[in-house]
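Chains as they are written, first to last, in full-length UniProt numbering: chain C, 1 to 262; chain A, 1 to 262.
Each residue gets a CB set at the ideal place from its N, CA and C atoms; glycine is no exception.
Since the model is a prediction, treat every value here as computed from it, not as a measurement.
There are 2 protein chains.
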Amino acid sequence: MSSLPPTATPAAARTPAPAAVAPAFSPLYQQIKGLILRSLQEGEWKPGESIPSEMDLAGRFRVSQGTVRKAIDELAAENLVIRRQGKGTFVATHAEHQVQYRFLKLLPDQGDAREEGPAQRTVLECRRARASADVARALALRTGDTVILARRILAFAGVPTILEELWLPGQAFKGLSAEQMASYQGPTYAMFELEFGVRMVRADEKIRAVLPDAAQAQSLGVSETTPLLSVERLAYTYNDAPMELRRGLYRTDTHYYFNALN
Amino acid sequence: MSSLPPTATPAAARTPAPAAVAPAFSPLYQQIKGLILRSLQEGEWKPGESIPSEMDLAGRFRVSQGTVRKAIDELAAENLVIRRQGKGTFVATHAEHQVQYRFLKLLPDQGDAREEGPAQRTVLECRRARASADVARALALRTGDTVILARRILAFAGVPTILEELWLPGQAFKGLSAEQMASYQGPTYAMFELEFGVRMVRADEKIRAVLPDAAQAQSLGVSETTPLLSVERLAYTYNDAPMELRRGLYRTDTHYYFNALN
DNA sequence: GAGTGGTCTAGACCACGCG
DNA sequence: GCGTGGTCTAGACCACTCA
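In structure tokens form, the structure reads like this:
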């Protein structure tokens, strides 16, 4: 931070106004992180593109490279950005070959997920609907607001394994069609980035064991006494804004849900 | 350690001998991290105790404070130590009040885990046994090696919710008794630290939906048609050595398994 | 060889906890 | 007021990528 007229904010923000009760000291690198985050949100750099070099950003924000570095370190730890030595720092995307299907934790008992390949998708329906009370609450909408409801089956090696319903805010996903859902190659979340500019950043899952009803059992080709994993996922974009509610039923006779605890 | 003859390695290790094929460049802070890790393993500092200050360690290893800092940062990220500003850096322990039951992801539908309080434990049995092929493989033992098998029920608010079996290497857990399992207040993993010097550092879980057999159903007070979550956990100490295989059946009518995806 | 991220250092100062 | 971790800087050099 140095000698020229302060156009960037940090210089001023250095001494935050002492809030009544919570002093809320915020280190410089956190403020820088916030600024970069804002640019990410506003789409100044698109998924897959590189962001400016650390030196450039340091110049832009009038801080040292080390401070920018620490800000980017955190963004990288949150998977918002990917660092590649010698090349640059890139906006993370679900279209990456490496961490594809980042949020899908279902693995095959035999072999590994790579040889199994991507799931075959069958879209059962995709239509506009009104948000029920619970869907509205999850997506931070009002009951009755327009949502998109999609239902589909994912099969691995020809075996139907996942039956899921997706609820999306009608606002952000206006025009989403069954064709779009079915035809896009690669992760659905990559399609959301490309077609709707919506980037899923993190998600929570609530998991239960359940028995399917008759229709669900038929869709998955199992009996009604076959226990299934019920996975309710709430996915968020930037700013912790919920953007997708997904309810899945997973068969766990050929696959298992994997979780690494630290 | 400071102005004396260099017994610490890093100064010498600074220029690693170039291995035949893989140069395997290892940054200084990684080497420091390894040294600290070794001290943790060897019990130079016990769980809950503080480790030397960054300055002290910097002196001991003859590197700058920043380098020690980065090493400790990684250890903290892996939950092996806990930093407390103004106080020091402490060896992590499962006995901490804050992150108690770190590996238990089952949450109540109503209210939160704190008001629910710790589970009531009923130890069904705890005895020596011979490792079956699959248990031996999981624990990196040989089939027929001695293991400890414990079975217990955990209840929340008086409702039996978890039925689980624990397999432990006989070597490390010699003498573990049902009384010990039942009487210790707090996480079982904290008892393992205290009584056996075994610290669980991370774990993997494989989750499936299953139906209980008659005995299991009775233990949990549910019918045989009640789907349950089967949670197979493999817990590791330092060095990725597996030290516990745990197979649990979770009721998910009053609780759910929570997972945060990043 | 130029440019990018990655490491390392040395020193200054800040926030926090505690006696 | 002291010691601890936390932040910030400035500068040097290293490893990697690509033209």
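### Query
Which whole-angstrom value is the C-beta distance of C/N259 and A/N259, which I expect to be below 8 Å?
6 Å
### Query
By a C-beta neighbour count over all protein chains shown, 10 Å radius and 16 as the cutoff for buried, is C/V81 buried or exposed?
buried
### Query
Which word fits C/V63, buried or exposed, when buried means at least 16 other C-beta atoms lie within 10 angstroms of its C-beta?
buried
### Task
Measure from the C-beta of C/P27 to each C-beta in chain A and report whether the shortest distance is under 8 Å.
no
#### Entry: Min CB distance A/E164 to chain C below 8 Å
no
### Query
Hey, quick one: how far does the beta strand (DSSP E) through A/E244 stretch, first residue to last?
242 to 250
### Task
Please work out which residues of its chain come closer than 7 Å, Cβ to Cβ, to A/V91, disregarding the five sequence neighbours upstream and downstream, and give them in chain order.
L40, W45, K46, P47, G48, E49, I51, V81
### Query
Among the residues of its own chain, which have a CB less than 8 Å from the CB of C/A214, if the five just before and after it don't count?
E224
### Query
For the UniProt domain "HTH gntR-type" (26 to 94) of chain C, which segments carrying the alpha helix (DSSP H) assignment without a break, of at least 4 residues, lie completely within its bounds, in sequence order?
28 to 41, 54 to 61, 65 to 77
### Task
Report yes or no: is there a C-beta of chain C within less than 8 Å of the C-beta of A/D240?
no
### Residues bridged to A/Q120 (per DSSP)
A/A155
### Query
Hey, would you say C/A129 sits closer than 8 Å to C/L149, going by beta carbons?
yes
### Query
When you compare only the Cα positions, how much space is there between A/A138 and A/R233?
10 Å
### Query
First and last residue of the alpha helix (DSSP H) that includes C/F173?
Looking at the DSSP string, C/F173 is not in any alpha helix (DSSP H), and its letter there is neither H nor E.
### Backbone secondary structure at A/D134 - three-state DSSP
helix
### Query
Which of the residues in the segment 199 to 218 of chain C, read from start to end, lie with their CB under 7 Å from any CB of chain A?
R202, A203, D204, E205, K206, I207, R208, A209, V210, L211
### Task
Could you check what DSSP says for A/L139 in three-state terms: helix, strand or coil?
helix
### Task
Spell out the partners DSSP gives residue 275 of chain C in its beta bridges.
Residue 275 of chain C lies beyond the range of chain C shown here (1 to 262); nothing can be said about it.
### A/V147 versus C/R151: straight-line alpha-carbon distance, rounded
47 Å
### Message
Less than 8 Å between CB atoms is the rule here; does C/T122 satisfy it with respect to chain A?
### Response
no
### Message
Rounding to the nearest angstrom, what Cα-Cα distance links C/D145 and C/L168 in this structure?
### Response
11 Å
### Query
According to DSSP, is C/T254 helix, strand or coil?
coil
### Task
Would you grab the beta carbon distance between A/L228 and A/I207 for me? Rounded to a whole angstrom, and I think it's under 8 Å.
Contact flag wrong, Cβ pair sits at about 11 Å.
### Query
Got a sec: which bits of the UniProt domain "HTH gntR-type" (26 to 94) of chain C sit with their beta carbon under 7 Å from any beta carbon on chain A, in order along the chain?
E78, N79
### Query
Would a check of beta-carbon distances place A/P108 closer than 8 Å to chain C?
no
### Message
Please state the DSSP three-state secondary structure of A/P108.
### Response
strand
### Task
In angstroms with no decimal places, state the Cα-to-Cα distance between A/N239 and A/R199.
11 Å
### Rounded separation between C/L163 and C/L176 - CA only
19 Å
#### Entry: Euclidean distance between Cα positions of A/Y184 and A/F61
39 Å
### Message
Counting only beta-carbon separations shorter than 8 Å, does C/T237 have a partner in chain A?
### Response
no
### Message
DSSP three-state label for A/R102, please.
### Response
coil
### Message
Just to confirm my understanding: we take C/G248, look at its own chain, exclude 5 residues before and 5 after, and list those with CB closer than 6 Å. What are they?
### Response
I162, E164, V231
#### Entry: As assigned by DSSP and simplified to three states, the class of C/Y236
strand
### Query
Which stretch, first to last residue, makes up the alpha helix (DSSP H) that contains A/L211?
No alpha helix (DSSP H) contains A/L211, which DSSP labels as neither H nor E.
### Query
Quick one: is A/Y257 near chain C, going by C-beta distance under 8 Å?
yes
### Task
Take the Cβ of residue 274 of chain A as the centre, count every other Cβ of all protein chains shown within 10 Å, and call the residue buried at 16 or more, exposed below.
Given a span of 1 to 262 for chain A in the structure shown, any question on residue 274 of chain A remains unanswerable.
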